[in-house]
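Reviewing the structure listed below.
Residue numbers (the numbering used here): 19 to 605.
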């Protein structure tokens, strides 16, 4: 999974990933590339459009008449709040720190303003960091308070008419753009030092402008969400962005279609039962969500029986990541606290990586079930001779010795079992609903003990007793000669090895018959079967080893009877799959 950019921190999360029914995913960085470009600055005095993408400062700016001074003031005010910057690295401009702040920084440079010099020349007196509840941050520079944040929170604290700015912000958000508002206020001497609560300072603000950013959706996000839909996995967008922006991006990546449910954090019902019933559906977008809302969302979905994967990157996301069945942290943009709380770390911050991890989780789950079915089938074949011997009161010879059973378990069976454990994802892995069953359930037990196991045991016992009869032994008569008994036991052992080879191929698919699967797609299974046959031949034909194991090479009749185990197991497996999966097992 690490090769697919998914770092598993807790091994049990691999199985849980395969059972996931709901993914609660952030928007920025997971569904989008988190590579923001400033595309528009709007002020009450006019606007400016910025051409080009990325963090390069070499971009064209088109000002409306009379807007240049107002645009410069809004952008330079925003850069004073910036905690990130754009830097030239290996001939490419990249973000260093917060991507949004880096986009503001590059826009400042594009305006011809030296952002480094600007911040050096003006004294930073105080900083109030971004808070997910306030949805804004502010700084005090040269006794001027500068506020940057979500438009609805900043505009609500501005004096004058802001209705036009609100409508512009909404329209930009509906276009899928991420929008921030910038405002300022000149403070009285000593006012900043006397107030520790930023809410007391962030009032009667003068609105400066809106800056809109484009964050392109990841090209692979649409396909990944389509795979989730095919796999029966519900995807819920849980983001702190504006609801209109979130909905626009959700439409772009195919997360919602005709009937979306869009709620903000403030609109979530206080009653957990009502909240669970409300969001337990398709096409859900939750915007302006706070970290404690994410915790509630994970809890209520789990209470409704879902297996929940939740993404997060901030310190405050840690409780939600811990609450979810699978906490997913961002490897690039995530904090150390979030990564410590997570079960899975996305090294590329990509939603498609979650889907790839779920596919691998399902594959691991299926492979463990294949491994178990393979061994349980063998157990039935190993147990049958002892049952027959016990029921006969010891009058019938024992087909397998204890050492032969150990050789089967630790020798010939070991390699194919390990090969089944590395079976690659099947094409239908993400085309079926999430499994809602344990690793060992009635279908595994029934397949092993009612279909495959009895078939192997029947061929094994028939081979053993027919070889004995061929050697002049008759039931109820005296014990056969030692050589005949060893040859018959070798034939029974061979029948089990052949049957287990067929069993390994049969277990490669839950729906297709073994002859349609073969060994293609997993070279390990071919090498494993060759290894099993090598162990079989060595323990039959190397006399010292054969003597230790209590067997001898079977006669030609024994080889022929033992070989029947292969088509017999194939037939039993095909019949089982036709009954259990009538639509997909034909052929």
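Note that the Cβ used here is the ideal one computed from N, Cα and C, for glycine as well.
Computed from a predicted model, the values in this text were never measured in an experiment.
- Rounded to the nearest angstrom, the Cβ distance from residue 33 to residue 430 is 28 Å, too far for a contact under 8 Å.
- In the DSSP assignment, residue 270 falls within the unbroken alpha helix (DSSP H) covering 261-270.
- Beta-carbon to beta-carbon, residue 201 and residue 159 are separated by about 14 Å, too far to satisfy the 8 Å threshold.
- Between residue 305 and residue 338, the CB-CB gap reaches or exceeds 8 Å.
- Under DSSP, residue 111 shares a beta bridge with 106.
- In this structure residue 325 does not touch residue 255 by the C-beta definition: roughly 18 Å separates them, more than the 8 Å allowed.
- For secondary structure counted as the beta strand (DSSP E) over 3 or more consecutive residues, the segment 261-346 holds these complete runs in sequence order: 279-282, 302-305 and 326-330.
- Residue 167 and residue 335 have their alpha carbons spaced roughly 20 Å apart.
- Annotated three-state conformation of residue 19 is coil, per DSSP.
- Judged by DSSP secondary structure, residue 184 falls within the alpha helix (DSSP H) whose first and last residues are 181-192.
- Closest in alpha carbon position to residue 314, among 246, 301 and 284, is 284.
- Beta bridge pairing from DSSP links residue 414 with no other residue.
- Shown here, residue 135 sits in a helix according to DSSP, grouped into three states.
- Given a length threshold of 4 residues, each whole run of the alpha helix (DSSP H) inside the segment 424-462 is given here in chain order: 432-439.
- If you look at residue 65, you'll find it in the beta strand (DSSP E) that goes 64-68.
- For the pair residue 542 and residue 437, the CB atoms are nearer than the 8 Å cut-off.
- Taking the CA atoms as reference points, residue 95 sits about 7 Å from residue 164.
- Look at residue 43 here: in three-state DSSP terms it is strand.
- Ranked by Cα distance from residue 46, the options 180, 116 and 182 are led by 116.
- Take the alpha-carbon of residue 223 and the one of residue 204: they are about 9 Å apart.
- The way I'd put it, the segment 35-51 does touch the segment 366-378; three or more beta-carbon pairs between them come closer than 8 Å.
- Residue 490 counts as exposed, since fewer than 16 other C-beta atoms from the protein chains shown sit within 10 angstroms of its C-beta.
- Using a Cβ distance threshold of 8 Å, residue 347 and residue 357 count as a contacting pair.
- Under the three-state reduction of DSSP output, residue 361 falls in the coil class, being neither helix nor strand.
- Between residue 478 and residue 513, the beta carbon gap of about 4 Å places them in contact (Cβ cut-off 8 Å).
- Beyond the five residues adjoining it in sequence on each side, residue 19 comes within less than 7 Å, by CB distance, of 26, 375 and 378 in the same chain, given in chain order.
- DSSP places residue 246 in the helix class (H, G or I) of the three-state scheme.
- Take the alpha-carbon of residue 245 and the one of residue 361: they are about 22 Å apart.
- Under a 10 Å Cβ-count criterion, residue 556 is classified as exposed, with fewer than 16 other Cβ atoms of the shown protein chains found around its own Cβ.
- DSSP, reduced to helix, strand and coil, places residue 145 within a strand of the structure shown.
- Look at the beta carbons and you see the segment 397-414 not touching the segment 56-63: under three pairs across the two are nearer than 8 Å.
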